[in-house]
Amino acid sequence: MRRPGHRHQLKQSGVKGMFGRLSFAVIVLVICTISLLSTVKSTSRSFSRSEIDVDTLWRPAASVGWRPSSAPRSDWPPPPTETNGYLRVRCNGGLNQQRSAICNAVLAARIMNATLLLPELDANSFWHDDSGFQGVYDVEHFIKSLRYDVRIVESIPEIKKNGKTKKIKAFQMRPPRDAPISWYTTDALQKMKEHGAIYLTPFSHRLDEEIDNPEYQRLRCRVNYHALRFKPHIMELSTSIVNRLRAQGHFMAIHLRFEMDMLAFAGCFDIFTAGEQKILKKYRDENFAPKKLVYSERRAIGKCPLTPEEVGLILRAMGFDNSTRIYLAAGELFGGERFMKPFRSLFPRLENHSTVDSSGELVKNTRGLMGSAVDYMVCLLSDIFMPTYDGPSNFANNLLGHRLYYGFRTNIRPDRKALAPIFIDWEKGRITGFEESVRRVMLNTNFGGPHKRVPPESFYTNSWSECFCQMSTANPADKCPPDNVLDILESQLMAGETDDSESITSNLTSVVEK
96 MRRPGHRHQL KQSGVKGMFG RLSFAVIVLV ICTISLLSTV KSTSRSFSRS EIDVDTLWRP
156 AASVGWRPSS APRSDWPPPP TETNGYLRVR CNGGLNQQRS AICNAVLAAR IMNATLLLPE
216 LDANSFWHDD SGFQGVYDVE HFIKSLRYDV RIVESIPEIK KNGKTKKIKA FQMRPPRDAP
276 ISWYTTDALQ KMKEHGAIYL TPFSHRLDEE IDNPEYQRLR CRVNYHALRF KPHIMELSTS
336 IVNRLRAQGH FMAIHLRFEM DMLAFAGCFD IFTAGEQKIL KKYRDENFAP KKLVYSERRA
396 IGKCPLTPEE VGLILRAMGF DNSTRIYLAA GELFGGERFM KPFRSLFPRL ENHSTVDSSG
456 ELVKNTRGLM GSAVDYMVCL LSDIFMPTYD GPSNFANNLL GHRLYYGFRT NIRPDRKALA
516 PIFIDWEKGR ITGFEESVRR VMLNTNFGGP HKRVPPESFY TNSWSECFCQ MSTANPADKC
576 PPDNVLDILE SQLMAGETDD SESITSNLTS VVEK
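In the numbering used here, the protein residues as written are 96 to 609.
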């Protein structure tokens, strides 16, 4: 083991230096089936006061009779035949921030009785990737999956009037952050009716997460966990990687968020060399609002991302040994090999999508949306998932919610605030009882079972109980919908369908003539 004073020494002296789609569907079906047939009577693992049964963690948590269900449970009419106009949005941020924005866009279109244009994905400066929605997601599946909820088109149709073709120009608006439903039904809707179409940009975190309407929340889940499916080649590559990893038994996926952007955001600079600190401070000045951040204070309250070594020490204290196979989902780790070396000495069986992908396809695009999408799928299907900095990380938060929905898959979520004083003592050489103290903290965390959502936990991290149901329950709100719910929705849709294009064209023509 490296000497506990590592951080302090660095500060003082510095450091030198399906088959594709089908195969995936089968995997997910098996995952759900295993979890939903669970007969365990408790949501928590039956660990002793100071020991953790690692063998138990390789299996899903207890479902306690709950199963994922995002289908409507009350009256849910199909999209009306007449539209109030078109909704266009630009989803900014990385892949998973965009994913949440897409869910919000669908809900906003439903709220406003609008026709949704296929969401635009920002070709942002970090990813340098302009794949767009069509390059990442299965468009046909997306539109078809949401046919009972909203009308979705790929472009605004042109209007022909007196032999001339006219275009509807969308009115650009900037929604407030976490805007309430009332903003969409007043300000936004007024402009939509006036112009025929509105363009909301940017569209990250632009609709309140905590909406007191379970059906609206279930629509978000239908988008996130059913409609948003990656393109076949991404699914095939992800499945291939998972199969290779599983060929040797269980594997754990870790989102090692020890990257430049997150370290700069957190303001945790002191463990790096003077040159590295300069890079981090420059990145922070260019990308985040000015704020005085004191490393020792941030560190003491758990605001700094866990180092790779700290991640290894947590896993070892929990009882995982050096035979554990670990898939690392991460971009370029800041600080390089000197931070990975102690982790690798504890857990040498490390993989990432480049080392497992025999085709070499991902090597060409490891930092783009495709690399992030493959990492997402591998983490979703792993036996255990461990985020190391889940607070502001959309990748980790969305995965935690997705794994909860797909069968209460085991998650290891370190409580950084509770662990901080333990690691600070360890750095100072006070190592007596270290592993026992780490275990005690981890035993107080949730390993993936149903649990109440408490702020600041996001709806996208934990959609229980809105998107879950029970077959036998005294609470009508938790009762599962009938087995033929899709048949009911289909019949409603067919009964209400008319020649929509004629109705929509008529409305838009009147807007153009104004």
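Glycine residues also receive a C-beta, built at the ideal position from the N, C-alpha and C atoms.
| Query | Result |
| --- | --- |
| Meets three-Cβ-pair contact criterion under 8 angstroms: the stretch 345-359 and the stretch 471-484 | yes |
| Residues bridged to Gln-267 (per DSSP) | Tyr-294 |
| According to DSSP, residues forming a beta bridge with Gln-565 | Trp-161 and Lys-574 |
| Counterpart residues of Arg-246 in DSSP-defined beta bridges | Thr-210 |
| Runs of alpha helix (DSSP H) wholly within the stretch 524-551 (minimum 4 residues, chain order) | 529-538 |
| Contact between the stretch 206-213 and the stretch 314-332 (3+ Cβ pairs under 8 angstroms) | no |
| From Leu-581, Ser-560 and Asn-579, residue whose alpha carbon lies closest to that of Pro-571 | Ser-560 |
| Whole-number beta carbon distance between Phe-434 and Pro-403, since they are thought to touch under 8 angstroms | 5 angstroms |
| Assigned secondary structure, Cys-198 (DSSP; H/G/I helix, E/B strand, else coil) | helix |
| Residue from Val-451, His-300 and Leu-284 whose Cα sits closest to the Cα of Asp-273 | His-300 |
| Closest residue to Asn-187 among Asn-179, Gln-285 and Ala-196 (Cα-Cα distance) | Ala-196 |
| Own chain residues within Cβ distance below 6 angstroms of Asn-447, not counting five before or after | Leu-423 |
| Member of Met-355, Thr-505 and Leu-332 whose CA lies at the smallest distance from the CA of Ala-156 | Thr-505 |
| For Leu-358, the three-state DSSP class (helix, strand or coil) | helix |
| For Glu-427, the nearest candidate out of His-345, Arg-168, Arg-411 and Ser-449 (CA to CA) | Ser-449 |
| Closest residue to Pro-40 among Tyr-390, Ala-425 and Ile-409 (Cα-Cα distance) | A question about residue 40 goes unanswered here, because the residues of the chain that appear run from 96 up to 609. |
| Span of the beta strand (DSSP E) around Thr-260 | 259-261 |
| Beta-carbon proximity of Phe-563 to Arg-162, cut-off 8 angstroms | yes |
| C-alpha gap between Lys-262 and Glu-289, whole angstroms | 15 angstroms |
| Unbroken beta strand (DSSP E) run spanning Phe-480, endpoints | 479-482 |
| Inter-residue spacing [alpha-carbon to alpha-carbon] between Ala-166 and Phe-542 | 26 angstroms |
| Closest by C-alpha distance to Gln-312, when choosing among Ala-203, Val-536, Gly-414 and Phe-442 | Ala-203 |
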